[in-house]
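The structure under discussion appears below in the form of structure tokens.
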Amino acid sequence: MKIFKFFIWVVFSGCLFILLGCDGSSSSSGTGSLSLYLTDVSSDEYQAVYVTIDEVWVHRGDDPEGEDPEGEDPEGEDPEGEETDGWQVVASPATTYNLLDLVNGVMEKLGTTDLETGLYTQMRLMLKDTPDDGDNLLGQMHPYPNYIIDKEDGVHELKVPSGYQTGIKLVHSFEIISGQTADLILDFDATKSVVQAGKSGKYILKPTIKVIGTVDNGIVSGTVTDADNEVLSGVFVSAQISDPNAANLADQVIIATSTLTDENGNYSMYLEPGTYLIVAYKGTGTDYGTAFGPECAGLTVDLNSTNTRDFQLLSVLTGHIITDIQTSEEIVNVSFRRTADCGSGGETIEVTSLSVSEDDEYTARLPGGDIDPITYTVIAYTSEETYSAFADVSAGEDIEVDFDFSTSP
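Each residue of the sequence shown is one higher than the last, beginning at 5 in this note's numbering.
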């Protein structure tokens, strides 16, 4: 497997003519090309997150056949890539990928194919039910098509819910212009895609994928060090969107993308134009251990811009928030938030998060206060309901919060 690393100036120079050619209308008849790449919004919870991708499908927006509003199988599946009922296979990697290899600007090319010109409004990613014949980072053959390796070298299969057997819907439209190539990046969010099933040792794969067009994007990069100016690897760096006026508490902080620093303390992220809070935090792997940060800085990303944000993180002792959740067999997302100074006053940021699917107690190790506790807002939410609670965390101590989704209407 060959991994490609694309710097933003290469992507921009290769795609600039696409921007100039787009005038908001479909181009004349002919063919252009679509290139697909895979990257990851990283996770610091695991050594590896493996997924096996079989195919990627696209659908023309002006073809009424094969539309799939209810999530049914696209008609006329065709592994040879011929167009049937508006659907066409555009990539057939049939490969097992470690998503955590694909961070900090590293992308894996899934495939390039020719397409008729026009607007394409639907995409689907198909998972494969068998792994490829490669080895994982432990030197073992892949035991499952989708699985994680935890920090203690434990291997856990990722069960795929039945609803994804017909493919994962990807929300993104794109235009193919005659004689030109459109590049799209499938940004797989490993953190939100891996769901813990209590203390059973079982995990569920709930794929969360964002499709990014390369035209107009900016990049932010930097280096993270500790108080002694020693580089810090494995720091979770995220670009967060703050909307304190959002009606749903869960939507007041959104993670646009994230990554981990490499062995040299460096990170890099692609971002669409907009205003972000860049947050750097390194958690601890032990109870009441030492974490670093969080620190944050505001950033406005302009078209095709290159931005730098470096961070120096102070060490801090941690306490525990023990979250007792009655899930009612729903997937529950839990976000741990606090106020931080991001350069222009206090802002609410997410420090860490988790996704769970079974009734149990889940422990989050978070920076705690030495004298005065640090106040966190814990947001627990599903697609239907959102609950919140405050938790004051002191170093070396536990505090418990409870959420019961079984009483939801």
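Think of the CB as a built atom: it goes at the ideal place given N, C-alpha and C, for glycine as much as any other residue. Given the structure is predicted, the values throughout are model-derived calculations rather than measurements.
Between residue i and the rest of its own chain, which residues show a CB-CB distance below 6 Å, the 5 nearest in sequence each way excluded?
i	result
residue 52	102, 104, 141, 153
residue 401	323
residue 214	191
residue 231	318
residue 267	237
Within its chain, find whatever has a CB closer than 7 Å to the CB of residue i; leave out the 5 residues flanking it on each side and keep chain order.
i	result
residue 347	301, 302
residue 4	Look at the range of the chain in this structure, 5 to 413, and you will see that residue 4 is not part of it.
residue 280	243, 244, 245, 260, 303, 305
residue 185	36, 37, 39
residue 81	Residue placement at residue 81 is flagged as unreliable, the pLDDT there being 45, under the threshold of 50; a coordinate-derived value is accordingly withheld.
residue 409	330, 331, 332, 334, 336, 386, 389
Tell me which same chain residues have a C-beta within less than 8 Å of the C-beta of residue i, skipping the five on either side of it?
i	result
residue 50	104, 152, 153, 154, 155, 194, 198
residue 85	Confidence is the limiting factor: at residue 85 the pLDDT is only 43, short of 50, which leaves the residue's position unreliable and the question unanswerable from this model.
residue 114	40, 41, 42, 57, 60, 95, 97, 190
Consult DSSP for residue i and reduce its assignment to one of helix, strand or coil.
i	result
residue 168	helix
residue 411	helix
residue 256	helix
residue 44	strand
residue 306	coil
residue 74	Legend: pLDDT at residue 74 = 40, less than 50; position of this residue unreliable, value from coordinates given subsequently. Residue 74: coil per DSSP, three-state reduction.
residue 376	coil
residue 328	strand
residue 154	coil
residue 105	helix
residue 400	coil
residue 175	coil
residue 406	strand
residue 27	Per-residue confidence for residue 27 stands at a pLDDT of 43, beneath the threshold of 50, marking its modelled position as unreliable; the derived number appears in the next sentence. In this structure, residue 27 counts as coil in the three-state DSSP scheme.
residue 414	With the chain represented from 5 up to 413, any question about residue 414 goes unanswered, as that position is not in the structure.
residue 386	coil
residue 318	coil
residue 187	strand
residue 20	Residue placement at residue 20 cannot be trusted, given a pLDDT of 38 that sits under 50; the coordinates are not used to answer.
residue 311	strand
residue 49	coil
residue 263	strand
For residue i, which residues does DSSP report across the bridge?
i	result
residue 394	381
residue 2	Since the first and last residues shown for the chain are 5 and 413, residue 2 lies out of range.
residue 285	240
residue 139	145
residue 122	180
residue 209	198
residue 245	258
residue 360	200, 336
residue 301	282
residue 34	Answer is none; residue 34 lacks a bridge partner.
residue 215	190
For the alpha helix (DSSP H) that contains residue i, what are its first and last residues?
i	result
residue 231	First-last for residue 231: undefined, no H or E at that position.
residue 195	194-197
Any Cβ of chain B within less than 8 Å of the Cβ of residue i?
i	result
residue 379	Of the protein chains in the structure, only one exists, and it is not chain B.
Starting from the Cα of residue i, find the closest Cα among the options and give me that residue.
i	options	result
residue 249	258, 243, 241	258
residue 166	190, 143, 405, 133	133
residue 264	247, 251, 283, 278	283
residue 269	255, 317, 162, 289	317
residue 389	210, 277, 253, 266	253
residue 334	357, 358, 320, 362	362
residue 175	127, 157, 181	127
residue 130	107, 145, 172	172
residue 200	357, 387, 404	357
residue 44	212, 136, 399, 150	212
residue 379	369, 395, 391, 256	395
residue 276	216, 247, 331, 251	216
residue 308	185, 221, 161, 146	221
residue 397	330, 338, 320, 391	320
residue 278	235, 295, 223, 291	223
residue 183	393, 34, 375	34
residue 381	62, 332, 411, 256	256
residue 207	359, 365, 371	359
residue 251	188, 90, 225, 391	391
residue 340	375, 376, 235, 367	367
residue 229	296, 377, 168	296
residue 106	119, 55, 124	55
residue 123	196, 179, 293	179
I'd like the span of the beta strand (DSSP E) that includes residue i, first residue to last.
i	result
residue 292	Note, residue 292: premise wrong, no beta strand (DSSP E); not H, not E.
residue 347	Note, residue 347: premise wrong, no beta strand (DSSP E); not H, not E.
residue 101	99-102
residue 370	364-371
residue 161	159-163
residue 56	52-64
residue 95	91-95
Closer than 7 Å: is that where the CB of residue i sits relative to any heavy atom of the ligand MN?
i	result
residue 56	Although the ligand MN was asked about, the structure shown includes no ligands whatsoever.
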